Structures are given as structure tokens and as C-alpha cells.
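Enquirer: Please find one structure pasted underneath; my questions will follow.
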Amino acid sequence: MLFCGLKLTHDGSVALIEDNKLIFSYEVEKFNNNKRYSEIPDLDFVEEVLNLHGYTSADVDRFVIDGWAGLKESKVDTRSHGQELSLTVAPYREVSLSADALQAYSGSGLAIGGRTYNYTSYMHSTTHIASTYCASPYAVTKEPSYALVYDGGMYPRFYYFDPANGKLENLGPLFMYIGNIYSLFSLHFEPFLRGGQGPRVDDLSVAGKVMAYIAKGQVRPELLEQFELTYARHFSPSMEFNWTFSQEIKRYVDEHHIPHADAMASFHQYLEQLLVTSLEASVTKHGRKTRNFCFIGGCSLNIKWNSAIRESGLFDDVFVSPFTNDTGSAIGAACCEMIHQTGHPHLNWSVYSGPMVIQNEPAEGWESRACTVAQLAELLHTTDDPVVVLHDRAELGPRALGNRSILAAAVQPDMKDRLNAIKQREDYRPVSPICMEEHAPAIFSPGTRDPYMLFDHMLRDEWVERIPAIRHLDGTARLQTVSREDNPLIYDLLDAYENLSGIPVLCNTSANLLGSGFFPDVRSATEWNGTRYVWCNETLYEKQ
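The sequence shown begins at 1 in this note's numbering and counts up one residue at a time.
Below is the structure:
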């Protein structure tokens, strides 16, 4: 069967599953240098991406749409062949603990390719769970797992899924801070201050910056206490609470002359502690039925929270998918219907299931020559110049994992500043290391397998002077490990570079225009003109 999942709101995407294999998941932002978080502009896009793989909309057995804001049902506005279209979809989440989290909602009027289709829709919280559980190792052996969904517009919602009986049990919220309070709180403090814009102003790009910036601050015990007191005095189940809470803390911070970086570092730590202690309490109350755990939603892009949960010892295994935020919602929608129709929860997938790179002509003033992977390694070693590397299909989710990356030697301390300047990023932003998996434990702590760059690692002391460019202000690194099975080309590149330099690590940051998705082609990477070199499919392009 062919299941086509659609995410029609921010982070718009189309995913196609055949039986239990992911054929593709195409995010709008990864086409034509579209802006990050772009919606599907027109349902013609669905037909176009299906055609890229030899399918048409008529081949699809079931279209499935991700749910959205609303408690009983929701309306999502889109366009089809230029015409306005409003579709009824599932709500954002359940209305009660006893509600069926796997409920399928039926709809009609989905106009694609000159035809109109019926469709199914599942709650947004449920598509999140399905996207990660079905991609997890637990699904392969049909093991049960706990699942925590913590997304921007919801409280941290805790579940237990047992594929043996197909039941998704809602264990309730862990606590009553919605996910986007992390960024909304930070918008009250420098350098993220957005004064006077009200309680519902958010910025999807802020959370990742805050996670980096808190390395400049110190955790203050008096603030941890103040957070508790302010919550007790002012909590209400509304978005206005985010504003009230943040304003009260801002007032306290200013009155006591506390550095703003300390306020954000303390709030980060406060939420981290709440996550761990609340998880422990909920698992104990539930009677601990498994030691597997999936962390899902935009908040699980926070590598420090992920690591804190993993290091807590509450679970034997913690799985976070590379498309854990809304970039995976189309996949999750299709997975919900896959489970419903087939009973099978396991998705056969690759993180490299995005659009194929387009090797078109470079911009004027660029010349090309043949360049093997070994020669690329030599270039990185001898020139210390960053290189845009474009290869095969794009990564799923927000992290560049070698196929749409800027790679560079990590041996010079100023490389981080150079890369941040090239990308027009703030100077406190870290640059990630990409490392051969078998060498990672000797260089990083814990240095465990981390192919999707989703956990925190400490750089070991003996490597601080050898690869200073990838060390964050707090001594940590957002490591990506690579095995030959993960990405043969990048593994061979690291292997060749290690043979030359003795270092199995390179800098890795995403290759994209500021505020846009990954470069889709050679032309746009060379027009950008941010680096001297662009490499694609064993061809090196050099700016003259």
C-alpha cells in the first residue's frame, strides 16, 4: 500500500511510504532555497514530488494529513492549483486522558492533480509519536516504549505504547510549562529581547540559539527558587501565562542586577531538572512497564535535555529521531495510517531520504575539475579552507549530516569564527564535529554512537588543543558519529583525512543561505559565494 503523509502548516512536507518503507520525505524548505519552516504553497507541490519518483496522486492508496490547532477538529487553509482550499483535519491533541489517541478522523475534498480525494487525519501529538516510535529500534522487535511529546504548543505529554495490543496510553502531562516557553522566556532578555510584543509572539529560530548562548551564563540557585514561587503565584492554563511568568522573572532579574545570560541558563537548568524528576515520578506511578524511551517534538532538539534524560539512568535506551520536530509530521501521519491498515509499527527508513542534489552549472566565475574523495581530504588538510559538500539525497530534519554540509579542518582555533562569519551567525554559536564512530570514545565523553547529532558530549582534555574549533564555550560538542554503514562517502572522507592528519574529525555545519533550507544545487551554492570551494559528486568547483 502507498501512504502519503502531508504536513500543511509550518515545516510543510510530503512523505511517501510504500508498505513499510519510506520512499521520500520532502520538506518545502529544501527546495529552491525556500525559507525555513515554509508551508506547502500549493497542493500542486504534492503531485510534483510524487512525479519525481515515478508516482502520481492516483497511485496513492491513502492520503493522511497531520492534525492542527483545535480541540475537536481543526481547519487548515491551503491552495490547490491556485484556488483557496480549506480542509478539516484532526485536532492538536486529545481532550482527556481517556480519549483515543490513535483515533482516525475522516475528511474529503483534498484536490491534487485535477482529482479530489478522501483522506484520513490524526492528531498532531499522535503523528509525533508515530514518527519517532516507528523509526526506533523498538519497533523492529515490537517492544513497548514510553514516549514523551514536548512540542512548542503543548505541555510535555507522557505516553506508553505497546504494539502487542496496539494501545497508546496517555499518562498525562509531566508539568504545565508549554514547549515554546523556552524561547518566549528568552525573548525578554538580551540578546533576544523583543520588548512589548505580547504573549503570543514566538520565533522558531530562537530556541537553538538560546541553547548555545546559555554557555555564557551561570545557574543561580535563587532563580531556581524564584521560578517555583512565580509559577505557584501566577499559573493559568493559557498562553498569557508565558508572558506573565517571563515578565515577573524579568522584573526580579532587573531588581537584583542578575546578568541576562544567568537568567536563561538558570531557566534551562530548571526545566531540565523538571523533566528528569517528573519522568521519574510518572514512570514510578505507572509501575515501570519498559525501559525504552522515545523523546519527541521540538523540545527534543535540545541536546542537553536529551543527555540529561539519558544520563539519569531512568531508561536503558533513549531514542530521538533526526526528524523529531514538525519536519517529521508528514512521516508520522503516514505511519499512523500504516499502523492502522497493516498492524505493523516498523518503518524502514534512511535519514538521507530528502531531495536529490542537482548538479547544474555553477555561477559565473567558477571553474570545475575532477576531485576524488581522497583529493578532497587532501584539500581540507592542506588549505584549511572550508568546502561546501553536496552529495546524493538531502538529510531529513534540521541537522546537516554530511550531504548538505560545509566541512572544514578543526585544527585552527579561528575556524569556528570563520564559519560563523561565513554564515552570518552570532559568535557564540558552536560548530559541530563529525567523527568516525570507532574513534569517538577516545576523543569525546561519552563518545557513544550519535549519528543524528542529538546528544551532548564533552571534548576530552587531551584533544582540546588538537581540535579547538569544535569545542563550545562550556567544553561540550554536538557530535555526529559516522560509520561506513551510515554514510560511506563521508566515512571515506574522514578516513582519508585521518590518514593525512592523524585526526578523524572535521567541522560540520549546514550549507544554506541565512534563514533558508539546505542548498538544493551547485548553482545556488556557488552564487552564494560564501566559500572558495564547492564539491559535488567528485567534481570540485573553485571560485576564480
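Quick reminder that beta carbons are idealized off the backbone N, C-alpha and C, glycines included. Source: prediction; values computed, not measured.
Give the list of continuous beta strand (DSSP E) stretches no shorter than 3 residues that lie fully inside the stretch 474-525.
Expert: 480-482 and 505-510
Enquirer: List the endpoints of the continuous beta strand (DSSP E) containing residue 276.
Expert: It is not in any beta strand (DSSP E) - residue 276 instead sits in the alpha helix (DSSP H) that spans 260-286.
Enquirer: Residue 40 by DSSP, collapsed to three states: which one?
Expert: coil
Enquirer: Applying the 10 Å Cβ sphere with the 16-neighbour rule, what's the burial state of residue 237?
Expert: exposed
Enquirer: Should residue 427 and residue 408 be called a contact, given that it needs their Cβ atoms to be closer than 9 Å?
Expert: no
Enquirer: How many Å lie between residue 104 and residue 230 at the Cα?
Expert: 40 Å
Enquirer: If the criterion is Cβ atoms closer than 9 Å, does the pair residue 27 and residue 517 meet it?
Expert: yes
Enquirer: On the criterion of 16 or more Cβ atoms from any shown chain inside 10 Å, does residue 87 qualify as buried, or is it exposed?
Expert: buried
Enquirer: Restricting to Cα atoms, I'd like to know which of 339, 494, 440 and 55 is closest to residue 375.
Expert: 494
Enquirer: In the DSSP assignment, find the beta strand (DSSP E) that holds residue 226 and state where it starts and stops.
Expert: Unbroken run through residue 226 is the alpha helix (DSSP H), 221-234; no beta strand (DSSP E).
Enquirer: How about the stretch 262-270 and the stretch 416-434: do they share at least three Cβ pairs that are nearer than 8 Å?
Expert: no
Enquirer: Extract the residue ranges of the alpha helix (DSSP H) inside the stretch 360-437, only unbroken runs of 4 or more that lie entirely within it.
Expert: 373-383 and 415-422
Enquirer: Suppose the cutoff is 6 Å on Cβ atoms and the five residues either side in sequence are ignored; what does the same chain contact list for residue 42 look like?
Expert: 79
Enquirer: What residue does the alpha helix (DSSP H) around residue 255 start on, and which one ends it?
Expert: Unbroken alpha helix (DSSP H) run through residue 255: 240-255.
Enquirer: Would you call the stretch 295-306 and the stretch 453-472 in contact, with 3 or more CB pairs under 8 Å?
Expert: yes
Enquirer: I need the DSSP call for residue 528, collapsed to helix, strand or coil.
Expert: helix
Enquirer: Considering only the beta carbon of each residue, do residue 91 and residue 124 sit closer than 9 Å?
Expert: yes
Enquirer: With DSSP collapsed to three states, give me the class of residue 199.
Expert: With a pLDDT of only 45 at residue 199, under 50, the local geometry of the prediction cannot be trusted, and the value read off the model is given with reservation. Coil at residue 199, not helix or strand.
Enquirer: Please determine, among 364, 309 and 250, the residue with the shortest C-alpha to C-alpha distance to residue 273.
Expert: When only C-alpha atoms are compared, the closest one is 309.
Enquirer: How about residue 391 and residue 514: do their beta carbons lie closer than 9 Å?
Expert: no
Enquirer: Checking 9 Å against the spacing of the C-beta atoms, do residue 169 and residue 177 come in under that value?
Expert: no
Enquirer: Within this structure, are the beta carbons of residue 36 and residue 186 separated by less than 9 Å?
Expert: Contact: no.
Enquirer: Please determine if the stretch 388-404 and the stretch 56-63 are in contact, where contact requires at least 3 C-beta pairs separated by less than 8 Å.
Expert: no
Enquirer: Relative to the C-alpha of residue 291, which candidate in 222, 255, 118 and 146 has its C-alpha closest?
Expert: 146
Enquirer: According to DSSP, simplified to helix, strand and coil, what is residue 77?
Expert: strand
Enquirer: Cβ atoms of residue 64 and residue 112: under 9 Å apart, would you say?
Expert: no
Enquirer: Apart from the five residues on each side of it in sequence, which residues of its chain come closer than 7 Å, Cβ to Cβ, to residue 330?
Expert: 5, 6, 7, 13, 14, 15, 25 and 66
Enquirer: How many Å lie between residue 474 and residue 299 at the Cα?
Expert: 21 Å
Enquirer: Measure the alpha-carbon distance for residue 157 versus residue 254 and round it to whole angstroms.
Expert: CA-CA distance, residue 157 to residue 254, rounds to 33 Å.
Enquirer: Please classify residue 447: is it buried, with 16 or more other beta-carbons within 10 angstroms of its beta-carbon, or exposed?
Expert: buried
Enquirer: At which residues does the alpha helix (DSSP H) containing residue 570 begin and terminate?
Expert: In this structure the chain extends from 1 to 544, so residue 570 is not present and cannot be described.
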